[in-house]
Structures are given as C-alpha cells and as structure tokens.
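Right under this line is the structure:
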C-alpha cells in the first residue's frame, strides 16, 4: 500500500469514527461513547480506534469538533447568502429547527445537559461552541434592532429564541409531539416579525 493511500485510509477511518461518535453521543451521551462500542459498530479493532485518539477525553473532544462542523454545514452555511440582520436570523433559526430532526442534530443540546455541571475540557469545548453560536445569533439580532426591524433587548430576544429551540427539541424527541415543528415555527414567527 502506498503512503498516500494509507494516509487517505487513516483519514477516512477517523472521519467514520467521528461521524458515528456524534450519532452515538447524541443518543447515549458523550460518557456513553466508548472505544469498544465504536470499534464494534464500525468493524474495527479497539486498538485501531484507540490509535486515532489515544484516550477517551481526546475522542470526546474530537467528537465535539465534528458535531460543530456538521452544525456549521447544516445550519450556518445555508444561510450565508441571506442579508445580515433579520433575514439571516430567520434563516439560521429555520435551519436550526430542521437540524433538530436529523441524526446528530440535537448533539449540542444533549451534550450541554450532560456536561453543564462538570468541569473540564469537554465541558469547556461545549460551552465554547455554544458561546460562538450565541454570539452569531446576537449579532444578527442586534443588526435587526439597529435597523428597526425588531424591537427589544438583544439578550432577551436571544433567550427567547433559545427557549423556543429547547421546547421544540423536547416536544420532538421526548414527547414525540407531531405539532412540535409547527408550534416552533409559529413561536419564531411571532418573535421575529418586523415591527
């Protein structure tokens, strides 16, 4: 096997491990993510999985990074062509709601609940990703307030947006409410209707 092929194979294997890791961690939690489970699911040896990460915490951190990349592709990138401010904010929120329905789409909501009281690098990584996302949303809320398409305090609007997403996630996945998305769309429309 050529060195180039072995590098490509290693990269592809790592990518497969991390994608499966996001799916498993979304359902079973980051603590439930084990080298053995990933190896069994992907038909790899434990040492083959361990060789990519070295330790469980390194695996967890890599899974957090992968989930962030997936979130960026699914939620942030599709909205980049919209006008900053209220149009972009709406596009981001709609994409965020849709993302909740996909495998791995609730990763950060689940991980935040799992690690909110635990100090350490994994919690810090989750909190850091959350802070970046809130910063982006707050920016577009502030732009909408500045151009008078929204009224109110940016932090309060952000708080309410987050509440809508959390309620939608709860209704979608815990109570399996078939009206979860329509209710969330209605709440977002009320909150993000121009003044």
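Numbering (my numbering), first residue to last: -9 to 185. Just so it is clear, CB atoms sit at the ideal spot from N, CA and C, and this is done for glycine as well.
For residue j and residue i, believed in contact at Cβ under 8 Å, the rounded distance
{"i": "residue 82", "j": "residue 49", "result": "That pair is no contact at about 29 Å."}
{"i": "residue 54", "j": "residue 116", "result": "6 Å"}
{"i": "residue 98", "j": "residue 119", "result": "6 Å"}
{"i": "residue 140", "j": "residue 131", "result": "7 Å"}
{"i": "residue 182", "j": "residue 76", "result": "7 Å"}
{"i": "residue 25", "j": "residue 40", "result": "5 Å"}
Buried or exposed by the 16-neighbour rule on C-beta atoms within 10 Å, applied to residue i
{"i": "residue -3", "result": "exposed"}
{"i": "residue 56", "result": "buried"}
{"i": "residue 160", "result": "exposed"}
Minimum C-alpha distance to residue i - residue among the options
{"i": "residue 13", "options": "51, 94, 176 and 137", "result": "94"}
{"i": "residue 78", "options": "164, 92, 129 and 35", "result": "129"}
{"i": "residue 169", "options": "158, 4 and 69", "result": "158"}
{"i": "residue 142", "options": "184, 155, 104 and 3", "result": "184"}
Helix, strand or coil at residue i [DSSP, three-state]
{"i": "residue 95", "result": "coil"}
{"i": "residue 33", "result": "coil"}
{"i": "residue 84", "result": "helix"}
{"i": "residue 45", "result": "coil"}
{"i": "residue 107", "result": "coil"}
{"i": "residue 11", "result": "helix"}
{"i": "residue 40", "result": "helix"}
{"i": "residue 141", "result": "coil"}
Residue i at chain C interface by Cβ criterion, 8 Å
{"i": "residue 170", "result": "The chain labelled as chain C is not found in the depicted structure, where only one protein chain is given."}
Residue range of the alpha helix (DSSP H) that includes residue i
{"i": "residue 129", "result": "111 to 136"}
{"i": "residue 153", "result": "144 to 163"}
{"i": "residue 180", "result": "170 to 181"}
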